[in-house]
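Chemist: I'd like to ask some things about the structure below.
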Amino acid sequence: MTSRAVVTGVGHYLPKRIVPNSEFEATLDTTDEWIKSRSGIERRHFAAEGENTSDLATHAARAALADAGLEVTDIDAIILATSTSDLTFPSAATMVQASLGMTNGFAFDIQAVCAGFVYALSTANSMILSGQCRRVLVIGAETFSRIMDWSDRSTCVLFGDGAGALVLESQDGDGTSKDRGILATDLNSDGRHKDLLYVDGGISTQTTGYLRMQGNQVFRHAVEKLASTAETSLERAGLTADDVDWIVPHQANIRIIKGTAKKMGVGMDRVIVTVQDHGNTSAASIPLALSIGKARGQIKQGDLLVTEAIGGGLAWGSIVLRW
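The opening position of the sequence shown corresponds to residue 0 in numbering that gives the first Met the number 0, with each subsequent residue numbered one higher.
Structure representation (structure tokens):
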């Protein structure tokens, strides 16, 4: 028998405030059509004043636990992927731990920007396979609205706030690609490309900053690297793109999503797309899409999924899992 990290529950949370593209027309030289044509985004959610990343994460965590039919006492660890933690320290994950009433186990954050959830899921998988944990709550949560330059139409219209979570549980498998659970992972980074996507401020420089992005360069790297990492994970699992039921990509831009699917030879009828409703929610986008894909009735038990993401760093990676 082989130990596998299996998804047993999933959930998400979106702030109440919905911001349509038209809301930007009053303050920026932009239009709904301009935003849609370049990104596929039609609306996004923004957190309310006083609503922090850990609050969003806690709501999503509770939804995932309910979906799994578990109590917080059943969880051994919380891993929260975010670039917009409430405070410099402690971690937002420990704040979620307190909000849930979890007094056992441990909690920590992972920061890999838009690739954060893939990194967190891979880390949770390793902890389960090593025997350190039986069940891990993996969360992606962001409040990117707090790091936007509202005068920069090339970035501020692209991002939104939200959270998604899932429960990973150790279960026995046969050691084949037909097993449920995570079958393969692939993580990468290349710090030479820092200037393509970053925030121009931080704690050690005693400055505050805003998100900056060279969109054309990020696009060029994204399609190539996302398709490549997905193919690497599939090869490690002994599978091909023909075996995939759903690609669940990082929801950054519809052109990147379509370009990656085309490069992989997968039709858009096998891609979960939510970018039109949420914008780019960074580390939250994949768990959000997983939760919504399940709620829509698209993702079903036994389906083979590939998730892939790229973000600042540059950091990118992918996971192959059977639902």
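Cβ atoms here follow ideal geometry from the backbone N, Cα and C, with glycine treated the same way. Just so it is clear, the structure is predicted and the values come from calculations on it, not from any experiment.
Helix, strand or coil: how does DSSP classify residue 217 here?
Modeler: Three-state result, residue 217: helix.
Chemist: Can you grab the Cα-Cα spacing for the pair residue 13 / residue 176, in whole Å?
Modeler: Those two C-alpha atoms are separated by around 34 Å.
Chemist: Taking only three categories from DSSP, how would you classify residue 154?
Modeler: Correct three-state label for residue 154: coil.
Chemist: Look up residue 170 in the DSSP assignment and give the residues it is bridged to.
Modeler: Answer is 3, bridged to residue 170.
Chemist: Please state whether DSSP places residue 326 in a helix, a strand or coil.
Modeler: It is not possible to answer for residue 326, since the shown part of the chain is limited to 0 through 322.
Chemist: So the alpha helix (DSSP H) residue 277 belongs to, where does it begin and stop?
Modeler: Residue 277 -> alpha helix (DSSP H) spans 274-277.
Chemist: Along the beta strand (DSSP E) that carries residue 196, what are the first and last residues, could you check?
Modeler: Per DSSP, residue 196 belongs to the beta strand (DSSP E) from 196-198.
Chemist: When we look at the beta-carbon of residue 286 and count the other beta-carbons within 10 Å, is it buried (16 or more) or exposed?
Modeler: That one is buried.
Chemist: Give the single residue among 268, 253 and 265 whose Cα lies nearest to the Cα of residue 278.
Modeler: That would be 253, whose Cα lies nearest to the Cα of residue 278.
Chemist: If you measure between the beta carbons of residue 290 and residue 305, is that distance less than 9 Å?
Modeler: Against a cut-off of 9 Å, the Cβ pair of residue 305 and residue 290 comes out as no contact.
Chemist: Does the Cβ of residue 96 have 16 or more other Cβ atoms within 10 Å, making it buried, or fewer, making it exposed?
Modeler: The residue in question, residue 96, is buried, as its Cβ has 16 or more Cβ neighbours within 10 Å.
Chemist: In terms of alpha-carbon separation, which member of 18, 236, 270 and 137 lies closest to residue 40?
Modeler: The option with the nearest alpha carbon to residue 40 is 18.
Chemist: Just confirm the distance between the C-beta atoms of residue 154 and residue 212, as a whole number of angstroms; I'd bet it's less than 8 Å.
Modeler: Correct: roughly 5 Å between the Cβ atoms.
Chemist: May I have the straight-line CA-CA distance separating residue 108 from residue 21, to the nearest angstrom?
Modeler: Looking at the two C-alpha atoms, the distance is approximately 35 Å.
Chemist: Near residue 301, what residues of its chain come up, given a Cβ to Cβ distance below 8 Å and the 5 sequence neighbours on each side ignored?
Modeler: Once the five neighbours on either side are set aside, the close Cβ partners of residue 301 are 179, 321 and 322.
Chemist: Would you report the Cα separation of residue 256 and residue 116, rounded to the nearest angstrom?
Modeler: Spanning the two alpha carbons is a distance of roughly 17 Å.
Chemist: Taking 8 Å as the threshold, find out whether the stretch 261-274 comes into contact with the stretch 140-150 through three or more Cβ pairs.
Modeler: At 8 Å Cβ cutoff, the stretches do not touch.
Chemist: With a threshold of 6 Å on Cβ separation, who are the neighbours of residue 231 within its own chain once the five nearest residues in sequence on each side are excluded?
Modeler: Same-chain partners within the cutoff: 185.
Chemist: If residue 59 and residue 162 are in contact, beta carbons under 8 Å, what's the gap, nearest whole angstrom?
Modeler: Confirmed, Cβ separation roughly 4 Å.
Chemist: To which residues does DSSP link residue 248 through a beta bridge?
Modeler: Answer is 307.
Chemist: Contact criterion: CB-CB distance below 9 Å. Does residue 315 meet it with respect to chain B?
Modeler: No chain B is present in this structure, which holds just one protein chain.
Chemist: Name the one or two DSSP bridge partners that residue 317 has.
Modeler: Bridge partners of residue 317: 185 and 307.
Chemist: Mind checking who residue 19 pairs with in its DSSP beta bridge?
Modeler: Partner(s): 42.
Chemist: Rounded to the nearest angstrom, what separates residue 38 and residue 76 at their Cα positions?
Modeler: Distance between the alpha carbons of residue 38 and residue 76 is about 36 Å.
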